[in-house]
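A.B. asks:
Number of protein chains: 2
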Amino acid sequence: MRGLALLSQQGLGRVSSGKLADFVNVNSWQIRKDFSYFGDFGTRGVGYDIANLARQIKKILNLDAGHKTALVGVGNLGSAVLAYPGFGTYGFSITAVFDNDPAKVGKKINNVTVEDISRLDSLVKRQIDLAIIAVPEQAAQAVADLLVMHGIKGILNFSPRRITVPKKIKVITIDIATDLARLPYYIPSS
Amino acid sequence: MRGLALLSQQGLGRVSSGKLADFVNVNSWQIRKDFSYFGDFGTRGVGYDIANLARQIKKILNLDAGHKTALVGVGNLGSAVLAYPGFGTYGFSITAVFDNDPAKVGKKINNVTVEDISRLDSLVKRQIDLAIIAVPEQAAQAVADLLVMHGIKGILNFSPRRITVPKKIKVITIDIATDLARLPYYIPSS
DNA sequence: CTATGTGAATTTATTCACAGCA
DNA sequence: TGCTGTGAATAAATTCACATAG
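These protein sequence lines are chains Z and W, in that order.
Just so we're aligned, residue -6 is where the first sequence starts under this note's numbering, counting upward by one.
Just so we're aligned, residue -6 is where the second sequence starts under this note's numbering, counting upward by one.
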């Protein structure tokens, strides 16, 4: 169930077989079970065709629906997200970038021009329905409200502040501190 | 089981009761069940004492063991991590920062001086056993090897590249692209 | 003979309902 | 009377074993 997303990482054409099991560090039957939930797209006695597999996974994750993504906040974190490699693997990239700092508006970063935050109202027209929030925590909720108001359907939130949105909107929060705090739990007290 | 880490977020003294349940968006019995796995530290008819609760959680997560953390890589991502608020909530902060760029070595960022990557050998002496990798993906594995060699026990990895370490070392990988890719799955195809 | 797909068994987590202490 | 702690019931995910297609 969980390994699915990870799998598409090696989307590039490569060998095919249930040995991608140990590539994602799970046992082979987990792969088969997970796949069988969505239908069978493997050939018995042979394995899985990478190209077809990638296509199927994209369909499952709705990645072929052509979702466009906006990034709000071009501080250190925002810049890092923009430069993040691996978005290409999933077939979608960041289409628009917003910030409220006049010094940044108009600049080009990674081939995308930073726009003023007031231009968020163009999201609907541009059919952008995903957004990444990379602003200071004080501003996170306000930005989220704006995004929702302008038709965003899913938000990836980097601020440690919990944001509240209508329950129709899907939010995934990445709290670095929380993840780091989980680490000591697995470490023997020395 | 899962809500535990999230809970310590509001570590600051505050009201006490099972209503922190809806604060973390779970039902009240989940809180109680999760807590009861580690022993009972609530008073019947009253609730939980925040101060004591925070102390207990820290003990469970091994946060009171005084783990020190090093950050490797002071690019956009590294800087963002350094500036990330919320680490204080968990009682630990980043003790050392490393980079291989001579232009950055010696600079002070957020009260921590950037050291050359070759100084990683001082980790053992300084009793640093956690590390955050925020370097370009090509360098991730090499840095991980170095860290392991110098006694790091847990790694928070931001690169989309899968890194391999001895299985005694705990690695938590944060792959922004994967998280973002999960988003469309929950969105109606419109 | 190889590697998939899937029902059945086992283990784990979630939810409920209620007893017990303040 | 209110809120915690916990055993029992329910649901879900893991693991196994094996039939089946290529």
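Virtual Cβ for every residue (Gly too), placed ideally from N, Cα, C.
Predicted, not measured: the structure shown is a model, and the values here were computed from it.
Cα separation between residue 86/Z and residue 104/Z?
C.D. replies: If you number the first sequence from 1, residue 86/Z lands on position 93. If you number the first sequence from 1, residue 104/Z lands on position 111. For residue 86/Z and residue 104/Z, the distance between alpha carbons rounds to 11 Å.
A.B. asks: Any beta carbon of chain W sitting closer than 8 Å to that of residue 82/Z?
C.D. replies: Working through the first sequence from its first residue, we reach residue 82/Z at position 89. Yes - at least one Cβ of chain W is within 8 Å of the one on residue 82/Z.
A.B. asks: What first and last residue would you give for the alpha helix (DSSP H) that runs through residue 75/W?
C.D. replies: Taking the first residue of the second sequence as 1, we reach residue 75/W at position 82. 69 to 76 is the extent of the alpha helix (DSSP H) around residue 75/W.
A.B. asks: Go through the segment 88 to 149 of chain Z residue by residue and report every complete run of the beta strand (DSSP E) that reaches 3 residues or more, in order.
C.D. replies: DSSP runs (the beta strand (DSSP E)) wholly in the segment 88 to 149 of chain Z: 105 to 109 and 121 to 126.
A.B. asks: Quick one: list the residues of chain W neighbouring residue 74/Z, beta-carbon separation under 7 Å, in chain order.
C.D. replies: Numbered from its first residue, the first sequence carries residue 74/Z at position 81. Neighbours of residue 74/Z on chain W, chain order: 169.
A.B. asks: Could you check whether the Cβ of residue 159/W sits closer than 8 Å to any Cβ belonging to chain Z?
C.D. replies: By one-based count along the second sequence, residue 159/W stands at place 166. Not one chain Z Cβ lies under 8 Å of residue 159/W.
A.B. asks: Against residue 179/Z, what residues of chain W qualify as contacts under a CB-to-CB distance less than 7 Å, listed in chain order?
C.D. replies: In the first sequence, residue 179/Z corresponds to position 186, counting from 1. Near residue 179/Z (Cβ distances below 7 Å), the residues of chain W are 147 and 163.
A.B. asks: Just to confirm the assignment, what range does the alpha helix (DSSP H) spanning residue 171/Z have?
C.D. replies: Position 178 of the first sequence, counting from 1, holds the residue named residue 171/Z. Residue 171/Z -> alpha helix (DSSP H) spans 169 to 175.
A.B. asks: Could you tell me whether the Cβ atoms of residue 56/W and residue 83/W are closer together than 8 Å?
C.D. replies: Here the question's residue 56/W lines up with position 63 in the second sequence. Here the question's residue 83/W lines up with position 90 in the second sequence. Yes; because the gap between Cβ atoms is below 8 Å, this pair is in contact.
A.B. asks: With a cut-off of 8 Å, do at least 3 Cβ pairs link the segment 162 to 170 of chain Z to the segment 173 to 181 of chain W?
C.D. replies: Contact between the segment 162 to 170 of chain Z and the segment 173 to 181 of chain W is present, because at least three Cβ pairs lie under 8 Å.
A.B. asks: Where do the ends of the alpha helix (DSSP H) carrying residue 46/Z lie?
C.D. replies: In the first sequence, residue 46/Z corresponds to position 53, counting from 1. Start and end: 43 to 53.
A.B. asks: Going by DSSP in three states, residue 81/W sits in which element: helix, strand or coil?
C.D. replies: Residue 81/W sits at position 88 when you count from the first residue of the second sequence. Helix at residue 81/W.
A.B. asks: Going by the CB atoms, is the gap between residue 114/W and residue 143/W shorter than 8 Å?
C.D. replies: What you label residue 143/W is simply residue 150 of the second sequence in a count that begins at 1. What you label residue 114/W is simply residue 121 of the second sequence in a count that begins at 1. Contact flag set, yes.
A.B. asks: Quick one: any contact between the segment 116 to 136 of chain W and the segment 56 to 73 of chain W, if contact means 3 or more CB pairs under 8 Å?
C.D. replies: A contact exists between the segment 116 to 136 of chain W and the segment 56 to 73 of chain W.
A.B. asks: Taking the alpha-carbon positions, what's the residue 146/W to residue 75/W distance?
C.D. replies: Reading the second sequence from its first residue, position 153 is the one you call residue 146/W. Reading the second sequence from its first residue, position 82 is the one you call residue 75/W. Rounded to whole angstroms, residue 146/W to residue 75/W spans 20 Å at the Cα level.
A.B. asks: Under 7 Å Cβ-Cβ, which residues of chain W neighbour residue 77/Z?
C.D. replies: Counted from its first residue, the first sequence places residue 77/Z at position 84. 169 and 170, listed in chain order.
A.B. asks: Nearest to residue 64/Z by alpha carbon, out of 180/Z, 157/Z, 151/Z and 159/Z?
C.D. replies: As a working mapping, residue 64/Z is identified with position 71 in the first sequence. It is 151/Z.
A.B. asks: Since I believe residue 156/W is in contact with residue 137/W (beta carbons under 8 Å), could you give me their beta-carbon distance rounded to a whole number of angstroms?
C.D. replies: Here residue 137/W refers to the residue found at position 144 when the second sequence is read from its first residue. Here residue 156/W refers to the residue found at position 163 when the second sequence is read from its first residue. Sure, about 4 Å apart at Cβ, within 8 Å.
A.B. asks: Please decide whether residue 60/W counts as near chain Z, where near means a Cβ-Cβ distance under 8 Å.
C.D. replies: In the second sequence, residue 60/W corresponds to position 67, counting from 1. Closer than 8 Å to some Cβ of chain Z, the Cβ of residue 60/W qualifies, so yes.
A.B. asks: Going by the DSSP bridge assignment, what does residue 165/Z pair with across the sheet?
C.D. replies: In the first sequence, counting from the first residue as 1, residue 165/Z sits at position 172. Beta-bridge pairing links residue 165/Z to 149/Z.
A.B. asks: Would you say residue 59/Z and residue 153/W are within 8 Å of each other, going by their C-beta atoms?
C.D. replies: Taking the first residue of the first sequence as 1, we reach residue 59/Z at position 66. Taking the first residue of the second sequence as 1, we reach residue 153/W at position 160. Not a contact, by the Cβ cut-off of 8 Å.
A.B. asks: Exposed or buried, which one is residue 81/Z when buried takes at least 16 other CB atoms within 10 Å?
C.D. replies: As a first step, residue 81/Z is located in the first sequence; it is residue number 88 there, counting from the start. Exposed, since its Cβ has fewer than 16 Cβ neighbours within 10 Å.
A.B. asks: Of all the residues that make up the segment 104 to 123 of chain Z, which are near chain W by a beta-carbon distance shorter than 9 Å?
C.D. replies: Here the close residues are 122 and 123.
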